[in-house]
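Remarks on the structure that follows.
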Amino acid sequence: MMLPGRPWVFDLIELKDMPAHILRHSLMVRKVAVTLAMFVARKRPIDIDLVDRASLLHDICKADAIRSGGDHARQGQRLMEAMGYPNIGAVIGQHVRLKGLTLNEAMLVNYADKRVMHEQVVTLSRRFVDLLERYGTTDERRGRILSQFAFTLEVERQVSDASGLDPLWLNSLNLTLSDDALDGVHGIRR
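Under numbering that gives the first Met the number 0, residues 0 to 189 are what the sequence shown spells out, in order.
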């Protein structure tokens, strides 16, 4: 299935008036996800362009959900499906909660999103402590967050095994000024 080019992606980001902090977060998630995809693709088929587009757009409906409520992952999935990109929608729809433990594009974007707190790559422990502090307001919520943490540790193990990367190595991506080196022949706005 065809994917939109980067100009289309950035035009949509502009059209949806994505707040700057969400865009910066999405760019860092993209950096982590594409890095992982490039390493995983050495051993198994992964659509790096799908990872690229879906990671850039994973929070495309976040501001809408903050304003009017709802599940921003499902809203983003429906938006992409309505625009004729169900493959991007399927990845976006799983960036908060994966449907299973199959190593694919959705898992890479999901894991990358879990590793990026605001605009910085952090460990899963740091990220989930933040989630507990911000959203763990009831025993039920804390239980769900801790259950998700255990699940994400298994995701991390699978991604690490498939990519050959130590999860802590991803923290070094904080030191790069841009993700131009990851673009290869793709070009930032192609």
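Ideal Cβ placement from N, Cα and C applies to all residues, glycine included.
CA-CA distance, PRO85 and ASP48? C-alpha separation (whole angstroms): 14 Å.
Using the Cβ count rule (16 or more neighbours within 10 Å means buried), how would you classify LYS190? Any question about residue 190 goes unanswered here, given that the chain covers just 0 to 189.
For GLN119, the three-state DSSP class (helix, strand or coil): strand
Using three-state DSSP, classify THR101 as helix, strand or coil. coil
Could you check what DSSP says for ASP46 in three-state terms: helix, strand or coil? coil
Residue interval of the alpha helix (DSSP H) (run including GLN93): GLN93 -> no alpha helix (DSSP H), and no H or E assigned at all.
Close beta carbons around GLU118, own chain, < 7 Å, minus the five adjacent residues each side: ARG23, HIS24, MET27
Which same chain residues, not among the five before or five after LEU131, have their C-beta less than 7 Å away from its C-beta? ARG141, ILE144
Would the beta-carbon of ARG66 fall within 8 Å of that of GLY92? no
What runs of the alpha helix (DSSP H), each 4 residues or longer, lie entirely inside the region 1-47? Correct list: 5-14, 19-39.
Same chain only: Cβ atoms within 6 Å of ASN173, ignoring 5 sequence neighbours per side: GLN119, VAL120
What's the gap between the Cα of THR151 and the Cα of ALA53? 19 Å
Return helix, strand or coil for MET82, following the three-state DSSP convention. coil
From LEU102 to SER171, what does the alpha carbon distance come to, in whole angstroms? Distance between the alpha carbons of LEU102 and SER171: 23 Å.
Distance between SER162 and ARG125 (C-alpha atoms, nearest Å): 22 Å
How many whole angstroms separate the CB atoms of VAL31 and GLU104, which I take to be in contact at a CB cut-off of 8 Å? About 13 Å; that fails the 8 Å criterion.
Express the C-alpha separation of LEU97 and LEU107 in angstroms, rounding to a whole number. 10 Å
For TRP168, tell me which candidate among SER146, ARG77, PHE127, ALA111 has the shortest Cα-Cα distance. Selected option, being the one with the closest Cα: ALA111.
Taking the Cβ atom as the reference point for each residue, do LEU100 and VAL154 lie within a distance shorter than 8 Å? yes
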